[in-house]
Amino acid sequence: MATKKIDAGDALAQQLAYLRWPIPVREYRFAALHLGAGKGLRARLREARMQDWRFDLAWPVIRLAIEVDGGGWVSGRHSRGAGIESDCAKLSTAVSMGWRVLRVTPRQVKDGRAVAWLEPLIGVRDESALHETLMTYG
Numbered sequence: 001m002a003t004k005k006i007d008a009g010d011a012l013a014q015q016l017a018y019l020r021w022p023i024p025v026r027e028y029r030f031a032a033l034h035l036g037a038g039k040g041l042r043a044r045l046r047e048a049r050m051q052d053w054r055f056d057l058a059w060p061v062i063r064l065a066i067e068v069d070g071g072g073w074v075s076g077r078h079s080r081g082a083g084i085e086s087d088c089a090k091l092s093t094a095v096s097m098g099w100r101v102l103r104v105t106p107r108q109v110k111d112g113r114a115v116a117w118l119e120p121l122i123g124v125r126d127e128s129a130l131h132e133t134l135m136t137y138g
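So this is what it looks like as structure tokens:
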């Protein structure tokens, strides 16, 4: 029986849960929530030159987000002109709203660098749990 390949965002969420770190919100609609979701949202987004952007993982209370950029080695969306420009607009808008955004690759999730970069921003650490997590989910 073949094993199902796990999405890097799901893998990172599992690593964080295993470490008992604060649980992030998946697919957080930061632009829509900034402008106020509800009737007329599309028009407000257009007027603000935004899209209904989402973060892969986010901790809204501390304005920290993670974007997992896949497809970099296979000419995916994040490595082509229009995709790069769109990502720049999204992240620049988020930063101008006061968000801190980490961009990571699936490889950086798998080898533990994503968790290591998050640690000082979230402010928690348990070395033994981190090692065991990487052995289990890495």
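Quick note on numbering: my numbering labels position 52 of the sequence shown as 52, and the sequence is numbered without any gaps. Yeah, the Cβ is synthetic: ideal placement off N, Cα and C, and Gly gets one too. Computed from a predicted structure; not experimentally measured.
Anyone know if the C-beta pair for residue i and residue j falls short of 7 Å?
i: V109; j: A11; result: yes
i: L91; j: V101; result: yes
i: L63; j: G112; result: In the sequence as displayed, the identity of residue 63 is Arg instead of Leu. No, these two residues do not count as a Cβ contact at 7 Å.
i: L35; j: R49; result: no
i: A32; j: L41; result: yes
On a CA-only basis, which of the options is nearest residue i? Give me that one, please.
i: F30; options: D52, G112, P106; result: D52
i: R107; options: D69, I122, A43; result: D69
i: R26; options: I66, L35, R44; result: I66
i: P120; options: W21, A17, A13; result: W21
Over what stretch of residues does the beta strand (DSSP E) that includes residue i continue unbroken?
i: W117; result: From DSSP, W117 is part of no beta strand (DSSP E) but of the alpha helix (DSSP H) over 113 to 122.
i: D56; result: 55 to 59
The alpha helix (DSSP H) that contains residue i, what's its start and end?
i: L45; result: 41 to 47
i: D69; result: Run containing D69: none; DSSP gives neither H nor E here.
i: D10; result: 8 to 18
i: R107; result: 106 to 110
i: D31; result: Note that residue 31 corresponds to Ala in the displayed sequence, not to Asp. Where A31 is concerned, the enclosing alpha helix (DSSP H) stretches over 30 to 35.
*asked:* For the stretch 44 to 62 against the stretch 8 to 23, do three or more pairs of beta-carbon atoms, one drawn from each stretch, fall closer than 8 Å, so that the two count as touching?
replied: A contact exists between the stretch 44 to 62 and the stretch 8 to 23.
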